[in-house]
Structure formats: C-alpha cells, structure tokens
C-alpha cells in the first residue's frame, strides 16, 4: 500500500498509469490546484537541471594522477604491512609460547619449594631443650603435639605451671 | 538520460574494465575514474558546496571503490555501485560536520567566495558582468536552499533531478527502499519549492 507521498511523487514524475492514475486523481480534493503544483515542480526540476548540471572538474588529469598516486602508496603500504605481519607472526608465536612455558616452570618450582616441610623452628627447639624446674612447678607437665600432615602446626600443652620458665621466653 | 538498469544491459566494456580491476589492473581502474570523475565530483560538489571538500571526498570515494572492487558482484550496474560509495562517504562527512557544528540545522553557512558558480557553469559564450553576477546570486540561493535539506534529502533530489536516476537506482545507491526514496523526494521538492519559488518563477 503506497502512502500519499509516494503516490504524489509517482504522479509528478509521470509514473502512475491506468487505474492507479484515475484513482489517485479522483482522490485529490482539488485537481486543478494539484496540476498547478505539478507544473511548479516541473519548473523547479528544469531550473535545478539548468543551474546545477554543468559542474565541471578542473584539473581532471591531476585528479586522476592523485588517485593513482594514493592507490600505489596504499598498495605498497599494504604489501609491506603484509610482509611484516607474516614475518612477525611465526617468531612471535614461538617466542611467546617459550616465554609462557618458562614462566610457568619458574612459578611451579617456586610453589613446590614453598610446600616442602619446613625445618623445626628456633622457638620449638628452645622449648624442647628447656627444663621445667620441679621445685618451682612440682606438678607441671608440658606436652607438645605436632600435626602429622604438614608439620606446620605445633601445639604446646602446659598444665600445672605456676610461672612460665624464663627459658621459654622467645628471644 | 539512459542508464544501465540491469547487468544484462550494462556496457560490456565497463564490465570488462571491472573484471580487470578485480584482477588488480590499476590502469583499468584509471579508465573507470576517467569515465565517472566529473559526474562524481559534480554530485559531491552540489551536496557540500565547496570545491576542495568535493575534490577530497571524490578522491576518497574512488580510493575506497578500488579497495573494495573485489566485492562488486555485478548485481547492479557499476554506476549505482560507485554512487553508493560516493553517497556513504559524502553523507558520513556531512553528518560528522553537523556534529562538529553542534547539531545545527543543515545550513552550511555558505559563503559566496567559496562558491564561484559562474565559472563552473558552462555557458555558450562568456556572460556579461551583470549576467555573471546574476548567476552567482542564483547559484548562491540554490546552494542555500539545498544546504537546508538533510544529507539524504539532498542526495535524492540531486540524483533524481540532475542525474536523472530511476527510483530503484537511487534506492540501491542509498541502501533504502523505493518507497523511502519517493517519500524523501516528496519532502525535498516541497522544501525547495518553498525556498526557491521566487527565483525559478523569475528566471
């Protein structure tokens, strides 16, 4: 279904015919006014054609020369860019792969080392070597529990201590 | 003015040139440029009203056409295909300039010194000074009236009235429907009739 604007444009340009033309013209409220506007539009069309149609391009050969020049330059740039990209792609892939692998190995080694069981700490050695003075703490017992899984947790269980022996103080 | 409407009617040598271009022959493309440069330049000039801008946009359009010529499948004529590129480049440029200007209405603020229309119309003989002045004024009025149209309306009115293209060719060049082309023509004509009535009635 054509809109009024489409029908009007087709009518102005002589593109309506047969039943479509009759129907459109009979639908116009004032055919005489529409005909006047049609003539007006044709005048505008002729006027625009007369005034605008003869725009010329000065320096035509220079215009073409510039285009040739741009095309040549861009083709050269593209081919250089193409060569560079093929030269870069393979080494870049190899180098980035090797670098990533090396980084992975370094990180893995560092993490594995961190997970190895640590040596007995300085403070635990002091505690184990210390003696509880039976005169001062007759009923004192000290028990040390170590976690078997990761050797990271040491539980010091003290019972009956009246004073903490000076040797236990961490230095 | 008859134009190639379908590939079957298209000029064989032009299709041959296109095929050579697609094979990378820049000399063939040079021949296509020679065929269309004046029309393309005139079309753009009538839309942007500045010779230098029209020159640059026409160059950009041809370079773009060269870059994408391999994608031309011959479903439409080469003429409508290159016009599509020309219209995309020009309408984009007009829109960007409108945004830079702060979204002003489509008045290009034309200056008479930029137009120099009399030197580019082709009279049979050199016009007298008063005739030249008159033409300059007329051209300025036309350019001002066109500058108030949106880029799409400018495109349809120029393609229809100056290039005498068919609705379907305009639609292909602008990538829209025939109905849209007709509707745009309706409004563009109305607007120009209002702006230029006193001029074309008295010429």
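Protein chains in written order, with this note's numbering: chain A, 163 to 333; chain B, 16 to 218. Glycine included, C-beta positions come from ideal geometry on N, C-alpha and C.
Per-residue burial, residue i [other beta carbons within 10 Å of its own, 16 or more giving buried]
i	result
residue 36/B	buried
residue 179/A	exposed
residue 238/A	exposed
residue 48/B	buried
residue 226/A	buried
residue 178/B	buried
residue 220/B	Only positions 16 to 218 of chain B appear in the structure, and residue 220/B is not among them; the question remains open.
residue 187/B	buried
residue 67/B	exposed
residue 84/B	buried
residue 332/A	Residue placement at residue 332/A is poorly supported in this model, since its pLDDT is 46, which falls under 50; the coordinates still yield a value, given next. Residue 332/A is exposed by the Cβ-count criterion.
residue 213/A	buried
residue 64/B	buried
residue 189/B	buried
residue 211/B	buried
residue 165/A	exposed
residue 276/A	exposed
residue 171/A	buried
residue 213/B	exposed
residue 169/A	buried
residue 109/B	buried
residue 146/B	exposed
residue 196/B	buried
residue 207/B	buried
residue 154/B	buried
residue 93/B	buried
residue 72/B	buried
residue 180/B	buried
residue 174/B	buried
Helix, strand or coil at residue i according to DSSP, with G and I counted as helix
i	result
residue 195/B	helix
residue 53/B	helix
residue 220/A	coil
residue 165/A	coil
residue 126/B	Because residue 126/B sits at a pLDDT of 43, beneath the cut-off of 50, its placement in the model cannot be relied upon, and the following sentence gives the value as read from the coordinates. Residue state, collapsed to three classes: coil.
residue 190/A	coil
residue 131/B	A caution first: residue 131/B carries a pLDDT of 43, below 50, which makes its placement in the model unreliable, though a value can still be read off. Residue state, collapsed to three classes: coil.
C-beta contact flag for residue i and residue j at 7 Å
i	j	result
residue 215/B	residue 205/A	yes
residue 229/A	residue 87/B	no
residue 157/B	residue 169/B	no
residue 197/A	residue 198/B	no
residue 152/B	residue 95/B	no
residue 81/B	residue 273/A	no
residue 176/B	residue 210/A	yes
residue 43/B	residue 59/B	no
residue 46/B	residue 32/B	yes
residue 172/B	residue 182/B	no
residue 100/B	residue 115/B	no
residue 376/A	residue 193/A	Outside the displayed span of chain A (163 to 333) sits residue 376/A, for which this structure offers no information.
Heavy atom of the ligand HEM within 6 Å of residue i beta-carbon
i	result
residue 110/B	By its list of ligands, the structure shown contains no ligand whatsoever, and the ligand HEM lies outside what it can speak to.
Would you be able to state if there are at least three C-beta pairs under 8 Å between the segment 205-224 of chain A and the segment 45-54 of chain B? yes
For the segment 166-181 of chain B against the segment 198-211 of chain B, are there 3 or more C-beta pairs whose distance is under 8 Å? yes
Given 8 Å, three or more beta-carbon pairs between the segment 102-117 of chain B and the segment 258-270 of chain A: no
Between the segment 85-101 of chain B and chain A, which residues of the former have CB atoms less than 8 Å from a CB of the latter, in chain order? none
Chain-ordered residues of the segment 59-79 of chain B with a beta carbon less than 8 Å from chain A: 60, 61, 70, 73, 74, 77, 78
Anything in the segment 195-226 of chain A with a Cβ closer than 7 Å to a Cβ of chain B? List those residues in chain order, please. 202, 203, 205, 206, 207, 209, 210, 211, 213, 214, 215, 216, 217, 218, 219, 222, 225, 226
Give the residues from the segment 33-51 of chain B that approach chain A closer than 8 Å (Cβ to any Cβ), ordered along the chain. 41, 44, 45, 48, 49
Give me the subset of the segment 165-177 of chain A whose CB atoms are less than 7 Å from a CB atom of chain B, sorted by chain position. 165, 167, 168, 170, 171, 172
Determine which residues of the segment 151-180 of chain B have a Cβ less than 7 Å from any Cβ of chain A, and write them out in chain order. 153, 154, 157, 176, 177
Residues from the segment 188-209 of chain B in contact with chain A, defined by Cβ distance under 7 Å: Residues 194, 197, 198, 200, 201, 204, 207, 208.
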